[in-house]
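Engineer:
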Amino acid sequence: MKVIRPLLACCAVGLTFMGLPAVALSAELQTVNIALIEYEEDPRYKDNIIDARYQAQPWGRLEVAAKLAIKESRFAAQKKGVKFELDRQSVSELSALPELIQSLEAQGTQYFLLDLPGEGVKQVAQASKKPSSLLFNLSALDNNLRNEYCQANLLHIAPSRRMLTDAMAQYLVAKKWKEVLVLYSESEADTRYLKSLQTSAKKFGVDIVNEKPFKLGNDPRQRYRNNISLLTAKDDYDVVYVVDHSGEFAVDVPYSIIQPRPVVGAAGLVADWWHWAWERNGAPQVNKRFMKKGKRQMTGYDWSAWMAVKVIAEGVLRQETFAPNQLLDTLLDKEFKLDGAKGYPLNFKPWNHQLRQPVFLTSLNRVIDRAPVEGFLHPVNNLDVLGNDRGEGQCDLSKSTASGAK
């Protein structure tokens, strides 16, 4: 298990801030510890996955993005009398997470950035013993974390899988590509992914004409599952939707299907919550700063880490005096809104603590559209047409929220 403790108050002796010696000011700052929790064996960070640069997959670990947000927030934080410090922690087994979290809580850490698979997020949420601890889900898309496994101190920066399938379904309906052939793997993750797509299709009126399981590999005995031409030969469809959480199979599907049709889902046109090619709302500046620090393009996963630190920093700055035990109420207040460089004011859904946000429909090097797609409206907040709306699912945390957020 490794720990990185970068020194953030880096002003040299002799420099001044607000007329005070920098060293004296630094000594008065209250340290706010933020722990970044990782799983060493996370399959999403295997070398072959990272090197392949699959769409809507992480292209590297998230420490760079978290540090970038800390750097961007440091001067405003100093005025508030605090400094943010990042502890990067990792476990080799998910079963080690409860002990790690409780140990960090005992040391005074209250804010946790979770770059973990869904099962890891669930374990951390169950292990956390302090109500004042806030857990930020950076990368687990599992719908059940926003439903049956939701809890008050767990906030989701990454969108749910349902938000992504809703975004794609809206786009297909808007383009009148309603007849969809679905290719899916029979893994547990893709079974959940498929269920999410089925829910979105029913909600927006997409017709799934057939669902065919695929199998990664070249085994000739499995040719009716691994041969893309055979998988797509017999049906009539407007578009092929590839349900593939890792992207390994999907990358070969475009231009390999029998009919001249678009490919969407895990390759081709992909729903993602950030893209380096977004050219509005201050996004080019964010991408440029990240590229300078990380030496690669920013992904949705990086944006989650960057945004989570921004959420914490903005929450601290909104308080008259820093009160860590009241930060959750600050974040859930109906007046709390954030700029995520995506064109909408962002805040949390009070019923499941999911960050409201638009979703991009992206190609390899371009943002094609942004959901909510034009024409898809909501009576309260248009961003609520993505993912579970109030009253859907098994989670309603708003009943126990003091802020009365909407």
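Under mature numbering (1 follows the signal peptide of the UniProt record, and there is no 0), the letters of the sequence shown match residues -26 to -1, 1 to 380, in that order. Yeah, the Cβ is synthetic: ideal placement off N, Cα and C, and Gly gets one too.
Looking at residue 217: is its Cβ nearer than 9 Å to the Cβ of residue 251?
Structural biologist: In this structure, the beta-carbon distance from residue 217 to residue 251 does not fall below 9 Å.
Engineer: Please state whether the Cβ-Cβ distance between residue 92 and residue 116 is less than 9 Å.
Structural biologist: yes
Engineer: Can you pull the DSSP bridge partners for residue 64?
Structural biologist: 12
Engineer: For residue 450, which of helix, strand or coil comes out of DSSP?
Structural biologist: With the chain covering -26 to 380 only, the question about residue 450 has no answer from this structure.
Engineer: Quick one: is residue 326 buried, meaning 16 or more other Cβ sit within 10 Å of its Cβ, or exposed?
Structural biologist: buried
Engineer: Check whether the segment 271 to 285 and the segment 38 to 47 touch, using three or more Cβ-Cβ pairs below 8 Å as the test.
Structural biologist: They touch, by the three-pair rule.
Engineer: So, with DSSP's three-state summary, where would you put residue 198?
Structural biologist: helix
Engineer: Alpha carbon to alpha carbon, how far is residue 308 from residue 94? Give it in angstroms, no decimals.
Structural biologist: 30 Å
Engineer: Starting from the Cα of residue 12, find the closest Cα among 62, 21 and 351 and give me that residue.
Structural biologist: Considering only alpha carbons, the answer is 62.
Engineer: Can you say whether residue 175 is buried or exposed, counting buried as having 16 or more other CB atoms within 10 angstroms of its CB?
Structural biologist: Buried, since its Cβ has 16 or more Cβ neighbours within 10 Å.
Engineer: Less than 9 Å between the beta carbons of residue 76 and residue 101, yes or no?
Structural biologist: yes
Engineer: Helix, strand or coil for residue 57? Go by DSSP, reduced to three states.
Structural biologist: Looking at residue 57 - three-state DSSP - the assignment turns out to be strand.
Engineer: Would you give the residue range spanned by the beta strand (DSSP E) that residue 332 belongs to?
Structural biologist: Unbroken run through residue 332: none, as it is neither H nor E.
Engineer: Pair every Cβ in the segment 214 to 228 with every Cβ in the segment 159 to 178, then say whether three or more of these pairs are closer than 8 Å.
Structural biologist: yes
Engineer: With respect to the alpha helix (DSSP H) encompassing residue 118, which residues constitute its N-terminal and C-terminal limits?
Structural biologist: Note, residue 118: premise wrong, no alpha helix (DSSP H); not H, not E.
Engineer: Just how far apart, CA to CA, sit residue 346 and residue 49?
Structural biologist: 35 Å
Engineer: Looking at the secondary structure, which residues open and close the alpha helix (DSSP H) in which residue 268 lies?
Structural biologist: Element bounds for residue 268: 257 to 268.
Engineer: Which same chain residues end up closer than 6 Å to residue 368 when comparing Cβ atoms and leaving out the 5 residues on each side of it in sequence?
Structural biologist: 121 and 122
Engineer: What residues match up with residue 85 in a beta bridge as DSSP calls it?
Structural biologist: 8 and 108
Engineer: From 336, 264, 180 and 328, pick the residue whose C-alpha is nearest to that of residue 243; which is it?
Structural biologist: 336
Engineer: List the DSSP bridge partners of residue 364.
Structural biologist: Residue 364 pairs with nothing; no bridge assigned.
Engineer: Given this structure, state the Cα-to-Cα distance separating residue 334 from residue 2, to the nearest angstrom.
Structural biologist: 43 Å
Engineer: Do the CB positions of residue 343 and residue 145 come within less than 9 Å of each other?
Structural biologist: yes
Engineer: For the ligand ADP, is there a heavy atom less than 8 Å away from the beta-carbon of residue 263?
Structural biologist: The ligand ADP is not part of this structure, which contains no ligands at all.
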